[in-house]
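The opening residue of the sequence shown carries number -18 in my numbering; numbering runs sequentially from there.
For each residue, glycine too, the CB sits at the ideal point set by N, CA and C.
Here's the structure we're looking at; comments come further down.
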Amino acid sequence: MIRMPMMNTTRHNKFPWLWYFLALFLIGAFAFAPIGSVILCGAIANAYGCKVDEGSVHPCIINGHDYGQLLYSLGVMGWFMLVTIPGGLVAVVSWLIFLILHRVAWRKRISARIPPPVPPVTTA
């Protein structure tokens, strides 16, 4: 006797906004991460009265340890903005195009009452 798999009859009428906003958040986090490192560098340097610039490493003694090299690295990482901000802009434009195309296709499928594609069931 051949058993036919049960078909999924539940309707998926909700558009997956959550995944799109999660992707947008990740794009934004990647694009603006260098700004966070510069802000962290500035906050630490101001809190402990240290001098930080892009020209050279200055000593910054915090609790008996020199964190000048770390603060210098955090401050210089801000230059990564020259790559991450334009890259994030390209990613946001791509995200928006993909969102629009997916939303249009989804609305057409819902208005035509076509069920979502169901992956084939494999039997062992």
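Cβ shell of residue i (< 6 Å), same chain only, five flanking positions each side left out
i	result
A12	T65, I66, G69
K89	none
T(-10)	Any reading at T(-10) must be qualified, since the residue scores a pLDDT of 47, below 50, and its modelled position is unreliable; the value itself is stated next. For T(-10), where only same-chain residues beyond five positions count, there are no Cβ hits under 6 Å.
K32	H39
R41	Checking the sequence shown, residue 41 turns out to be Cys, not Arg. The residues are C31, Y48, G49, L52.
Beta-carbon proximity of residue i to residue j, cut-off 8 Å
i	j	result
L39	G49	The sequence given here has His at residue 39, not Leu. It is a contact, given that the beta carbons lie within the stated cut-off.
E35	V71	no
V25	M62	Reading off the sequence, residue 25 comes out as Ile, not Val. No; because the gap between Cβ atoms is not below 8 Å, this pair is not in contact.
Chain-order list of residues whose beta-carbon lies under 7 Å from that of residue i (same chain, five-residue window excluded)
i	result
W87	F(-4)
W0	none
Sequence-distant residues of the same chain with beta carbon closer than 8 Å to residue i, five excluded per side
i	result
A4	W76
L21	L55
Practice task
Taking only runs that begin and end inside the segment 30 to 54, name each unbroken beta strand (DSSP E) of 3 or more residues, in chain order.
Solution key: none
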